[in-house]
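First the structure, in the form of structure tokens, and then the observations on it.
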Amino acid sequence: MAKKGLGHELWRKTLDNALNPNPPTLGTLLGSSASALENLIGRGGFSEVYKGSLQNGRLIAVKKLTTGSTDEKTAGFLSELGIIAHVDHPNTAKLVGCCVDGEMHIVFELSTLGSLGSVLHGSGSNKPKLDWSKRYKVALGIADGLLYLHENCERRIIHRDIKAENILLTENFEPQICDFGLAKWLPEQLTHHNVSTFEGTFGYFAPEYFMHGIVDEKTDVYSFGVLLLVIITGRKPVVEMQSIVTWAKPLLDANNVKDVVDPSLGDDYDQGQIECVGLTASMCVEQSPILRPRMNQVVTLLRGNDSALNAKANTVQRTYSQELLDVQEYNSTKYLSDLNRHKQIALSFDTSY
Ligand SMILES: Nc1ncnc2c1ncn2[C@@H]1O[C@H](COP(=O)(O)OP(=O)(O)O)[C@@H](O)[C@H]1O
Ligand SMILES: [Mg+2]
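Going by UniProt numbering, the sequence shown opens with residue 1, and the numbers climb by one from there.
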């Protein structure tokens, strides 16, 4: 697929806004509905998100950065804006603009159903029901969006925080990847980034990221695999200190998909589709990154193309020696000690968002 253009006009406009010494204020943007910041619809690790509307009636979500010093917020604001203004795909969040008036705000199109996390795990009685066909559509859409970020937009983008709370749903249950606050551009000549600051969401971390700070496409693939498990099972990624991976992967590998399916679905699902999603999830959460598929393989696997499975086996063989240079050997003793470290760190983590 051809790489997509930058959306230069929007990009320039947004950067102008962000760097302009006098960017628009929220009042200018929202006009008479400047009081919209009373309607809190979401909260993440770094921000509060409010529902509002533009003067022309268009519904928006205003993300107000709340965490960190002014310098940290400014860095996060510019970094998220730089990436969100660069991406343009049906399965990524839609930027409307930004404004700075004491606080820093990024303005998005409103996704009326909120996040996949709130639909799956929220407590509201009027939350929409996610039947299997919708879950399957959501899984395919997120995979398409992530493939675009990794391989088809101008730069390689690693999201670094793929999770149910960072997937928005439009009224047609079209998923949109949001929250590019931790996302990184990966220059072509680098195999991966090494990060020293540990950020992201417990339960979704790939082992090599957790242990060695390695960030590349395969760390996103691991998180995507965890997200697929969340979609199939309806569970959270960590329940009472047990990871969804430790529980579900052995069952999926033994072909016991029935034992992991969300009980609220009953028998109302397409057996073939759920097996494809289960198998793909299991491959994405392999401990060793070399055994995980790339997103272009994932999108084919999810659609149940058997020849993709064979192609996958060949690709693993072909790239094994290359990738082995980049990935430390992951033997079982080390894995157990890593798991223990996972547990220790989990004890000091707030996993509520
Ligand atoms: N465009 C939007 N439409 C509807 N809800 C949104 C939108 N953007 C964010 N939200 C809600 O706000 C929450 C936090 O937004 P997010 O961008 O993930 O912030 P953070 O960087 O603080 O995690 C999301 O999980 C979601 O529930
Ligand atoms: Mg978030």
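Note that the Cβ used here is the ideal one computed from N, Cα and C, for glycine as well. In this text, all values refer to a predicted model and were calculated from it rather than measured experimentally.
For residue 106 against residue 163, the beta-carbon gap comes to about 19 angstroms, at or over 8 angstroms, which does not count as contact. The continuous beta strand (DSSP E) containing residue 100 extends over residues 95–101. Leaving aside the five residues that flank residue 112 on each side, the residues in its chain whose CB is nearer than 6 angstroms to its CB run, in chain order, 171. For residue 188, the three-state secondary structure derived from DSSP is coil. Membership of residue 275 in the alpha helix (DSSP H) is indicated by the continuous run 271–284. According to the DSSP assignment, residue 175 belongs to the beta strand (DSSP E) that extends over 175–177. Closest in C-alpha terms to residue 177, from the list 47, 83, 262 and 238, comes 83.
Among the bridge pairs identified by DSSP, residue 63 is matched with 49 and 106. Placement of the Cβ of residue 87 at a distance of 7 angstroms or more from every heavy atom of ligand 1 is found. Relative to ligand 1, the beta carbon of residue 99 is positioned no closer than 7 angstroms to any heavy atom. In this structure, DSSP gives residue 167 an extended state, which the three-state scheme calls strand.
Taking 7 angstroms as the cut-off, the C-beta of residue 177 does not count as close to any heavy atom of ligand 1. Straight-line measurement puts the Cα of residue 220 at about 15 angstroms from the Cα of residue 245.
For residue 162, no alpha helix (DSSP H) encloses it, and the DSSP letter there is neither H nor E.
Each residue's CA atom was taken as its position, placing residue 286 and residue 194 some 20 angstroms apart. Contact check between the stretch 134–153 and the stretch 289–299: three or more CB pairs, one atom from each, fall below 8 angstroms, which counts as touching. At the C-beta level, residue 229 and residue 200 stay beyond 8 angstroms of one another.
For residue 45, the distance from the CB to the nearest heavy atom of ligand 2 is below 7 angstroms. Put simply, of 85, 47, 154 and 186 the residue whose alpha carbon is nearest the alpha carbon of residue 68 is 47. Around the beta-carbon of residue 239, fewer than 16 other beta-carbon atoms lie within 10 Å, marking it exposed. For residue 197, the secondary structure class from DSSP, reduced to helix, strand or coil, is coil. Below 8 angstroms, enough C-beta pairs join the stretch 274–284 and the stretch 245–264 to call them touching: three or more. Judged by DSSP in its simplified three-state form, residue 287 adopts coil rather than helix or strand. Distance from the Cα of residue 275 is smallest, within the candidate group 248, 292 and 289, for 248. As the crow flies, the alpha-carbon of residue 189 is around 22 angstroms from that of residue 291. Membership of residue 40 in the beta strand (DSSP E) is indicated by the continuous run 40–43. With respect to the 8 angstroms criterion, residue 50 and residue 59 are not classified as neighbours on the basis of their beta carbons. Per DSSP, residue 180 lies in no alpha helix (DSSP H) and is assigned neither H nor E. The C-beta of residue 268 has fewer than 16 other C-beta atoms within 10 Å across all chains shown, which makes the residue exposed. Distances from the CA of residue 266 to each of 277, 132 and 205 were compared; the closest alpha carbon is that of 132. Around the C-beta of residue 126, fewer than 16 other C-beta atoms lie within 10 Å, and the residue is accordingly described as exposed.
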